[in-house]
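Numbering (my numbering), first residue to last: 1259 to 1352. Ideal Cβ positions, reconstructed from N, Cα and C, are used throughout, including at glycine. Since this is a predicted model, take the numbers as computed values, not measurements.
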């Protein structure tokens, strides 16, 4: 999903990213730039924003695809029993 402006999409990062090998140097550069000085107070969101602005990082629309947030051990059980089954069923239908 590509958006032309910052306010065109609303969503939540699930904290799971795929970064192309060719983008690792930029990721490292942006991370190192935030290891000292005022940058130390920045979150990884600022690093990701830099990759977005460079046209190297995009959001993926997962509407309709089963997923769950995992914060606690019982969430893992739910993910294994419900979400994984739903994903496997979905894969069979595709």
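Using the rule of at least 16 other Cβ atoms within 10 Å of the residue's Cβ for burial, across every protein chain shown, is residue i buried or exposed?
{"i": "residue 1293", "result": "exposed"}
{"i": "residue 1317", "result": "exposed"}
{"i": "residue 1259", "result": "Residue placement at residue 1259 is poorly supported in this model, since its pLDDT is 46, which falls under 50; the coordinates still yield a value, given next. Classification for residue 1259: exposed."}
{"i": "residue 1288", "result": "buried"}
{"i": "residue 1335", "result": "exposed"}
{"i": "residue 1315", "result": "buried"}
What residue does the alpha helix (DSSP H) around residue i start on, and which one ends it?
{"i": "residue 1345", "result": "1342–1351"}
{"i": "residue 1303", "result": "1302–1311"}
{"i": "residue 1335", "result": "1331–1336"}
Relative to the alpha-carbon of residue i, which residue among the options has its alpha-carbon at the smallest distance?
{"i": "residue 1280", "options": "1340, 1309 and 1344", "result": "1309"}
{"i": "residue 1283", "options": "1305, 1337, 1301 and 1300", "result": "1305"}
{"i": "residue 1313", "options": "1338, 1348, 1329 and 1277", "result": "1277"}
So, are the CB atoms of residue i and residue j less than 8 Å apart?
{"i": "residue 1325", "j": "residue 1341", "result": "yes"}
{"i": "residue 1327", "j": "residue 1319", "result": "no"}
For the stretch 1268–1292, which segments carrying the alpha helix (DSSP H) assignment without a break, of at least 4 residues, lie completely within its bounds, in sequence order?
1282–1290
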